[in-house]
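J.: Protein chains in written order, with this note's numbering: chain L, 1 to 316; chain E, 317 to 632; chain X, 633 to 948.
Backbone N, C-alpha and C fix where the C-beta goes; we use that ideal spot for every residue, glycine too.
Since this is a predicted model, take the numbers as computed values, not measurements.
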Amino acid sequence: MATVSDTEDIDPRHRDLSGTAAGPVAASGPTSPLPSHVNAAPAGDRVFETLKVRKEGAVLYADIASPPMNLLGPALVRDLVSLIQQAEADNDLKVLVFRSADPDYFIPHVDVNRIQQYREEAAKLTGEASIALMFRHLSVSRLVTIAQIEGRVRAAGSEFVLACDMRFAARESAIFAQPEAAFGVVPGGGGIQHLARLLGRARALEVMLSAGDYDADLAERYGWINRALPANELGEFVRGLAHRIAKFPAGSLATLKDRVNAITLAPVEDFRRDSDLFGEGARNPEAQSRFQSAFKRGFQTRDPEMDLGRLVGDLD
Amino acid sequence: MATVSDTEDIDPRHRDLSGTAAGPVAASGPTSPLPSHVNAAPAGDRVFETLKVRKEGAVLYADIASPPMNLLGPALVRDLVSLIQQAEADNDLKVLVFRSADPDYFIPHVDVNRIQQYREEAAKLTGEASIALMFRHLSVSRLVTIAQIEGRVRAAGSEFVLACDMRFAARESAIFAQPEAAFGVVPGGGGIQHLARLLGRARALEVMLSAGDYDADLAERYGWINRALPANELGEFVRGLAHRIAKFPAGSLATLKDRVNAITLAPVEDFRRDSDLFGEGARNPEAQSRFQSAFKRGFQTRDPEMDLGRLVGDLD
Amino acid sequence: MATVSDTEDIDPRHRDLSGTAAGPVAASGPTSPLPSHVNAAPAGDRVFETLKVRKEGAVLYADIASPPMNLLGPALVRDLVSLIQQAEADNDLKVLVFRSADPDYFIPHVDVNRIQQYREEAAKLTGEASIALMFRHLSVSRLVTIAQIEGRVRAAGSEFVLACDMRFAARESAIFAQPEAAFGVVPGGGGIQHLARLLGRARALEVMLSAGDYDADLAERYGWINRALPANELGEFVRGLAHRIAKFPAGSLATLKDRVNAITLAPVEDFRRDSDLFGEGARNPEAQSRFQSAFKRGFQTRDPEMDLGRLVGDLD
C-alpha cells in the first residue's frame with residue numbers, strides 16, 4: 001500500500017496518529033505552509049509492516065510502528081532496509097526523519113531471540129549480516145537523517161539514533177541507555193564508536209559500564225543528543241529544521257556529510273569488529289544465562305522494560 | 317601611522333572608541349595596573365586601514381574596524397596578514413586579542429564579490445591563495461590568540477574565531493553561524509575541520525546543514541566557544557586572562573600549543589581541500605544563482621544581515 | 633598491616649574517618665545492602681603508608697591519606713604502584729575507587745623537590761621512570777577506576793583523575809587546575825593528551841595556558857569530569873555506581889575498556905614525550921627560578937596552596 005517514493009499516507013491502522021503534534025499539522029513560524037496529504041491515495045511497490053511513512057516535499061517522515069514495543073527484529077530491519085533503499089533512489093528526497101508511533105518506546109533494543117534472522121535482513125542492504133553496517137550505511141547516505149526521539153532508545157535503539165545525523169529528544173519522555181555490559185556483551189551496533197567520540201573517554205565509559213538509564217537532559221549535557229526539547233515543541237522544531245535543510249542544494253548537503261564523516265565516522269572495520277564481538281559474546285554461556293535471568297524478570301515485555309535500568313542492575 | 321611593534325594608538329578616527337569597556341581602561345582585580353597609552357605617538361612601518369591596534373605590555377589588542385560591516389575582503393585580509401607578520405616578529409609579544417569596533421558585526425563573512433582578490437592577499441602570508449591556510453597559520457603561531465566576540469561571526473567570521481586559541485562571547489549580542497550550505501557551498505576556511513572536532517558529528521552537522529543562527533549560550537553548550545559571558549564583564553575577563561597568560565614563560569606557551577595542535581588541529585591538506593571545495597562550489601551556477609537571490613534580499617548590507625539566518629532560509 | 637587483597641580495614645590512625653558519608657555506611661536505594669567489615673582483622677603482605685584501603689565485595693576503596701596535603705611524592709607513588717599490582721592480581725576485584733582522606737586536597741601536584749625519586753618508584757610498575765606511564769597503566773587496566781573528588785586536584789593530581797575511567801566531584805569543594813605553564817613547564821603526566829581530547833582545542837588551551845583554578849561546575853561544563861554532585865550525595869552516588877558495575881561480568885567490562893581506549897587513549901609514545909618535556913623543562917633555569925619564586929610564596933605548604941591559582945599568577 002504505502003511506498004516511500006510517492007505516498008503521502010501510510011498504513012491506515014495508524015491514521016489516527018496522523019494529527020498529533022509530531023504529525024502533519026500545519027507548520028508555524030518561518031517554515032512555509034506545507035500541503036496536507038492526509039487523504040492522498042497510497043500506491044507503490046513496497047508495503048511496510050512496521051513503518052508509517054509520509055512524504056512532504058523533500059522530507060520523508062518514517063514513524064516506527066511495530067507493536068507491542070518496537071523491538072528491532074527481522075520485520076523492522078527488513079522495512080528499514082527497504083525504506084533506505086527506496087529513499088536513496090528517490091532523487092526528490094533530501095531529508096529523512098525518524099519518529100516513533102509509540103510514546104514510550106522509540107526502539108528499545110534488538111530482539112535477542114532473533115539475532116540471526118534480523119542480521120540476515122540487514123545483509124540485504126550492505127552484503128554483511130550486521131546491523132552495525134546497516135546503521136553506518138545510513139550515516140554515509142547522501143540523505144540527511146534526523147531522529148525525533150520520544151520514549152526509550154536503548155542498546156541498538158541508541159545505536160540507531162547515533163547513526164542518524166542529528167538527534168532531538170523530548171525532555172519529558174526520552175530515555176537513553178547502552179546496557180549491554182549488564183548482559184556480559186558489548187554494544188555491537190556502533191554505540192562504542194559513536195559514544196567514545198561524542199562523549200569522550202570518561203562519559204562513554206560511564207554510560208556503557210553502568211548500563212544505566214539517562215534522561216534527555218543528561219543525554220544533552222553529555223553530547224549523546226543534539227538537544228533536549230519540551231515534548232510539545234519537539235515535533236514543530238524538527239519539522240521546521242527538516243524543511244529548512246530540504247531547501248538547500250543537495251550537492252552541498254552531501255559534500256558536507258562526506259567531509260564531516262571523514263573526520264568523525266569510524267571506519268567500517270571498527271563497526272564490523274564491534275558487531276562480531278557482540279555476536280560472539282551473545283553466544284557465550286554467561287551472556288545466555290543473563291538473558292535468561294532477564295527474561296524471567298520480564299525482558300522484552302512492555303511494562304517491565306519501562307524501568308530496564310533497574311532490571312539489568314538486578315541480573316545474576 | 318600605526319604599527320604592531322611599537323604603537324599604542326591607532327587610526328585617530330577610532331580614538332573615540334578607546335575608552336570603552338573593551339579598551340584600555342585600568343584593569344581591576346588581580347591584573348596589575350597597566351599603563352595608559354592613549355596619547356602615545358604612533359610610529360612605524362605599516363598603517364592599518366581596517367584594524368585598530370593597541371599594545372599593552374606583551375598583549376596586543378587588534379580591533380576590527382572595517383565599516384560598514386567588517387566584511388572579510390582584500391583590505392582586511394591584507395591588514396591581518398601584516399598584523400600577524402609584525403606580531404610574530406615582535407619578541408616582546410605573547411598574546412594577541414581580536415575584538416571588533418562594531419558592536420553588531422565582528423566578521424560577518426567574506427566579500428563574495430572579491431574572492432580572488434582576498435585570496436591573493438592571504439597568499440602573502442602562506443604562499444597559498446586561501447584564507448583557510450591563513451587561519452591555520454594563526455592556529456600554529458607561537459602567539460596565543462583570543463577572540464573577544466560581540467556581534468555576528470558567520471561563515472569565515474566563525475572560521476576566523478575558530479582558528480583562534482580561545483573564544484569568549486557576549487551573551488547578549490554574539491551570533492554564530494556557518495551558513496554556506498544555504499548557498500550551495502561548503503565552509504572553506506576550516507569550519508568543517510574545527511566544528512567536527514569540537515562539536516562532534518551530530519552538532520557539527522546540525523550547525524552546518526541548518527545554516528542557522530546560534531546565540532552565545534547555545535554556542536557555549538555546543539562547544540563552539542569557550543564561554544558566553546555578560547557583555548559588561550567580557551572585556552575585563554579577556555583582559556585579565558590575556559595579561560595573566562602574558563606573564564608566563566613564552567617557551568612553555570609555545571610548547572603547549574604545539575602539543576595540543578598535534579592532537580586537535582587538522583592537517584594542512586584537509587584545510588586546503590575544504591578551501592578548494594569552497595572555491596569550486598562558489599563558481600557553479602547553482603551557487604551563483606543563490607548568491608544573486610541573496611543580494612536581492614540585501615546580502616552584504618548591514619540591516620538585512622542582522623537576521624541572516626532567516627534570509628538564507630528564504631533563498632531559492 | 634593492611635593489604636589490598638583481603639583486608640577490610642586499614643591503618644588504624646584513619647579508623648575515625650570510616651563512618652563518613654564516603655565510607656562504608658549502608659547503601660541506600662537500588663544498591664544491595666553491603667556487609668560491614670569495619671572490624672575485620674587486617675592481614676597481608678603489604679602495608680600502605682599513604683593509602684587507606686577497604687574492600688567491599690568486588691569494589692576496593694583507596695583513600696589517599698598522605699599528610700600534610702597529599703603531595704604526590706615517592707611514598708604515595710610507591711603505594712599506588714603496590715595497590716595497582718595487588719588489585720590487578722586479585723581476581724575478585726572489578727572496581728577501584730579513589731578518594732581522599734583530606735577534604736581540602738585530593739592530590740595537589742607532585743613534590744617538585746623529589747621528581748627523580750618518585751619517578752623511580754613509578755618505574756617499578758612499568759619499567760619506565762615516568763608517572764605518565766603509571767597513570768596510563770591504570771587507564772588500560774582491566775579494573776574499572778572511579779575518582780571521587782573532594783578538594784584540590786591540580787597538575788599531576790588532575791592527571792591522576794584524568795587517567796581514571798570516571799570522575800565525579802563535589803560541587804562545593806573540588807578545584808581543578810593544570811598550572812604547569814605558570815612555572816615554565818608543560819603537563820607531563822598525560823594532562824595534555826586527555827584534556828585536548830575531552831575538552832577540545834580551545835578549552836584545553838584555555839585551561840593549560842591560563843594555569844587557573846576551575847570549580848567543579850565549570851569542570852563539568854568543559855568535560856574535565858563526568859559530573860559535579862552535591863558533596864553530601866557524592867559518596868553514595870559513587871558507591872552505588874561502583875557496586876552496580878561490579879555486578880556485571882568482568883569480561884565485558886574489560887572488553888569495553890579496550891574498545892573505548894582504542895579510540896580515546898593516546899599512544900604510549902605521546903605520554904612518554906610529554907613526560908620527557910616536563911622533565912627537561914623542570915631542569916631549565918627559568919623553571920627553577922619560578923619554582924623558587926613559588927616556594928617563597930608558600931608553594932607546597934597547605935594554607936598558601938588553597939589559592940594556588942592566584943599564587944601562580946603572581947610568579948616572576
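What is the DSSP secondary structure of L:Leu51, counted as helix, strand or coil?
T.: Within the first sequence, the letter at position 51 stands for residue 51 of chain L. If DSSP states are grouped into helix, strand and coil, L:Leu51 belongs with the strands.
J.: Can you tell me the Cα-Cα spacing of L:Leu76 and E:Asn386, whole angstroms?
T.: As a working note, residue 76 of chain L is residue 76 in the first sequence. As a working note, residue 386 of chain E is residue 70 in the second sequence. Distance between the alpha carbons of L:Leu76 and E:Asn386 is about 53 angstroms.
J.: Any C-beta of chain X within less than 9 angstroms: which residues of the stretch 178-204 of chain L qualify?
T.: Hits within the stretch, in order: Glu180, Ala181, Ala182, Phe183, Gly184, Val185, Val186, Pro187, Ile192, Gln193, Leu195, Ala196, Arg197, Leu199, Gly200, Arg201, Ala202, Arg203 and Ala204.
J.: For X:Gln749, I'd like the list of residues in its chain whose CB is within less than 6 angstroms of its CB, leaving aside the five on either flank, ordered along the chain.
T.: In the third sequence, counting from the first residue as 1, residue 749 of chain X sits at position 117. The answer, listed in chain order, is Pro706.
J.: Looking at the secondary structure, which residues open and close the alpha helix (DSSP H) in which E:Gln433 lies?
T.: Taking the first residue of the second sequence as position 1, residue 433 of chain E is located at position 117. Note, E:Gln433: alpha helix (DSSP H), Ile431 to Thr442.
J.: Considering only the alpha carbon of each residue, which of X:Leu692, X:Arg803 and X:Val776 lies closest to X:Ala995?
T.: What the structure shows of chain X is the stretch from 633 to 948, and residue 995 of chain X is not part of that stretch, so it cannot be assessed.
J.: Can L:Ala132 and L:Gly189 be called in contact, C-beta distance under 7 angstroms?
T.: Your numbering for residue 132 of chain L matches position 132 in the first sequence. Your numbering for residue 189 of chain L matches position 189 in the first sequence. Cβ atoms of L:Ala132 and L:Gly189: closer than 7 angstroms.
J.: May I have the straight-line CA-CA distance separating X:Thr933 from X:Arg746, to the nearest angstrom?
T.: For the purposes of this step, residue 933 of chain X is taken as the residue at position 301 of the third sequence. For the purposes of this step, residue 746 of chain X is taken as the residue at position 114 of the third sequence. Whole-angstrom Cα-Cα distance: 15 angstroms.
J.: Using a Cβ cut-off of 7 angstroms (strictly closer), state whether X:Asp711 contacts chain L.
T.: The residue given as residue 711 of chain X occupies position 79 in the third sequence. For X:Asp711, the answer is no, since every Cβ of chain L falls outside 7 angstroms of its Cβ.
J.: Would you mind telling me which residues of chain E sit closer than 8 angstroms to L:Ile107, beta carbon to beta carbon, in chain order?
T.: Locating residue 107 of chain L in the first sequence gives position 107, counting from the first residue. Those do not exist, as L:Ile107 stays about 17 angstroms from chain E at its closest Cβ, beyond 8 angstroms.
J.: Ignore the nearest five residues each way along the sequence and tell me which others in E:Leu639's own chain have a CB closer than 6 angstroms to its CB.
T.: Absent from the model: residue 639 of chain E. The displayed extent of chain E is 317 to 632, so no value can be given.
J.: Identify every residue that forms a DSSP beta bridge with E:Phe451.
T.: Translated into the one-based positions of the second sequence, residue 451 of chain E becomes position 135. Paired residues: none, contrary to the question.
J.: Consider the Cβ of L:Val260: report whether some Cβ of chain E lies at a distance smaller than 7 angstroms.
T.: Position 260 of the first sequence, counted from the start, is the residue given in the question as residue 260 of chain L. For L:Val260, the answer is yes, since a Cβ of chain E falls inside 7 angstroms of its Cβ.
J.: Is the beta carbon of E:Ala438 sitting closer than 7 angstroms to the one on E:Ala381?
T.: Taking the second sequence and counting its residues from 1, the one referred to as residue 438 of chain E is at position 122. Taking the second sequence and counting its residues from 1, the one referred to as residue 381 of chain E is at position 65. Their beta carbons are not under 7 angstroms apart, which means E:Ala438 does not touch E:Ala381 by this criterion.
J.: Pull up the CB-CB distance for L:Leu229 and L:Arg171, whole angstroms please, since I reckon it's below 8 angstroms.
T.: In the first sequence, the residue the question calls residue 229 of chain L occupies position 229. In the first sequence, the residue the question calls residue 171 of chain L occupies position 171. With a Cβ gap of about 6 angstroms, L:Leu229 and L:Arg171 count as contacting.
J.: How many Å lie between E:Ser568 and E:Glu536 at the Cα?
T.: Indexing the second sequence from 1 puts residue 568 of chain E at position 252. Indexing the second sequence from 1 puts residue 536 of chain E at position 220. Spanning the two alpha carbons is a distance of roughly 27 angstroms.
J.: For a quick check, are the C-beta atoms of X:Ile778 and X:Val713 less than 7 angstroms apart?
T.: Here residue 778 of chain X is taken as the residue at index 146 of the third sequence, counted from 1. Here residue 713 of chain X is taken as the residue at index 81 of the third sequence, counted from 1. No, the pair does not count as a contact, with Cβ atoms beyond the cut-off.
J.: Answer with yes or no whether the minimum CB distance from E:Ala481 to chain X is below 7 angstroms.
T.: On the second sequence, position 165 is the one that residue 481 of chain E refers to. Here residue 481 of chain E is Asp; the residue named in the question, Ala, does not match the sequence. By this cut-off, E:Asp481 is an interface position.
J.: Grouping DSSP H, G and I as helix and E and B as strand, with all else coil, what is L:Glu206?
T.: Position 206 of the first sequence, counted from the start, is the residue given in the question as residue 206 of chain L. Three-state result, L:Glu206: helix.
J.: Within the same chain, show all residues whose beta-carbon is closer than 8 angstroms to that of X:Asn893, passing over the 5 residues directly before and after it, in chain order.
T.: Numbered from its first residue, the third sequence carries residue 893 of chain X at position 261. Hits under 8 angstroms: Ser771 and Val772.
J.: Let me know if X:Asp946 comes out buried or exposed under the rule of 16 or more other beta-carbons within 10 Å of its beta-carbon.
T.: Start at 1 with the first residue of the third sequence, and residue 946 of chain X comes out as number 314. So X:Asp946 ends up on the exposed side.
J.: What's the gap between the Cα of L:Glu159 and the Cα of L:His194?
T.: For the purposes of this step, residue 159 of chain L is identified with residue 159 of the first sequence, where counting begins at 1. For the purposes of this step, residue 194 of chain L is identified with residue 194 of the first sequence, where counting begins at 1. Taking the straight line joining both Cα atoms gives about 8 angstroms.
J.: In chain L, which residues lie with their C-beta within 9 angstroms of the C-beta of X:Ile895?
T.: Start at 1 with the first residue of the third sequence, and residue 895 of chain X comes out as number 263. What X:Ile895 touches in chain L: Ile192, Gln193, Ala196, Arg197, Arg201, Ala204, Ala266 and Asp270.
J.: Determine, for E:Ala598, whether the minimum Cβ-Cβ distance to residues of chain L falls below 7 angstroms.
T.: Along the second sequence, read from residue 1 onward, the residue named residue 598 of chain E stands at position 282. No, E:Ala598 does not count as interfacial toward chain L.
J.: Can you give me, in chain order, the residues of the stretch 216-236 of chain L that have a beta carbon less than 7 angstroms from any beta carbon in chain E?
T.: Result list: Gly223 and Asn226.
J.: Determine, for L:Met208, whether the minimum Cβ-Cβ distance to residues of chain X falls below 7 angstroms.
T.: Numbered from 1 along the first sequence, position 208 holds the residue referred to as residue 208 of chain L. Yes, its Cβ sits closer than 7 angstroms to a Cβ of chain X.
J.: Which residues of chain L have a Cβ atom closer than 8 angstroms to the Cβ of X:Leu683, listed in chain order?
T.: Within the third sequence, numbered from 1, the residue matching residue 683 of chain X stands at position 51. Correct list: empty, because the minimum Cβ distance to chain L is about 22 angstroms.
J.: Looking at C-alpha atoms only, which residue of X:Lys687, X:Ala926, X:Glu838 and X:Ala809 is the closest neighbour of X:Leu715?
T.: Reading the third sequence from its first residue, position 83 is the one you call residue 715 of chain X. Taking only the C-alpha atoms, the option nearest X:Leu715 is X:Lys687.
J.: What do you reckon, are the CB atoms on X:Ile895 and L:Ala196 nearer than 7 angstroms?
T.: As a first step, residue 895 of chain X is located in the third sequence; it is residue number 263 there, counting from the start. As a first step, residue 196 of chain L is located in the first sequence; it is residue number 196 there, counting from the start. It is a contact, given that the beta carbons lie within the stated cut-off.
J.: Is the CB-CB distance between X:Val900 and X:Phe800 below 7 angstroms?
T.: For the purposes of this step, residue 900 of chain X is taken as residue 268 along the third sequence, with counting starting at 1. For the purposes of this step, residue 800 of chain X is taken as residue 168 along the third sequence, with counting starting at 1. No, these two residues do not count as a Cβ contact at 7 angstroms.
J.: Is there at least one Cβ from chain L nearer than 7 angstroms to X:Phe585's Cβ?
T.: The requested residue 585 of chain X is not part of the displayed model; chain X covers only 633 to 948.
J.: I want to see whether chain X comes within less than 7 angstroms of L:Glu172, judged by CB atoms only; does it?
T.: Stepping through the first sequence from its first residue, residue 172 of chain L is reached at position 172. Not an interface residue.
J.: When we look at the beta-carbon of L:Asp303 and count the other beta-carbons within 10 Å, is it buried (16 or more) or exposed?
T.: In the first sequence, counting from the first residue as 1, residue 303 of chain L sits at position 303. The residue in question, L:Asp303, is exposed, as its Cβ has fewer than 16 Cβ neighbours within 10 Å.
J.: Report the rounded CA-to-CA distance for X:Phe903 versus L:Gly298, giving the unit in angstroms.
T.: Counting from 1 along the third sequence, the entry for residue 903 of chain X is found at position 271. Counting from 1 along the first sequence, the entry for residue 298 of chain L is found at position 298. Each residue's Cα considered, the two are about 47 angstroms apart.
J.: Please report the residue range of the beta strand (DSSP E) in which L:Arg167 lies.
T.: For the purposes of this step, residue 167 of chain L is identified with residue 167 of the first sequence, where counting begins at 1. From DSSP, the beta strand (DSSP E) with L:Arg167 extends over Met166 to Ala170.
J.: Strictly by DSSP, which residues pair up with X:Ser732?
T.: Taking the third sequence and counting its residues from 1, one reaches residue 732 of chain X at position 100. DSSP lists X:Ile696 as partners of X:Ser732.
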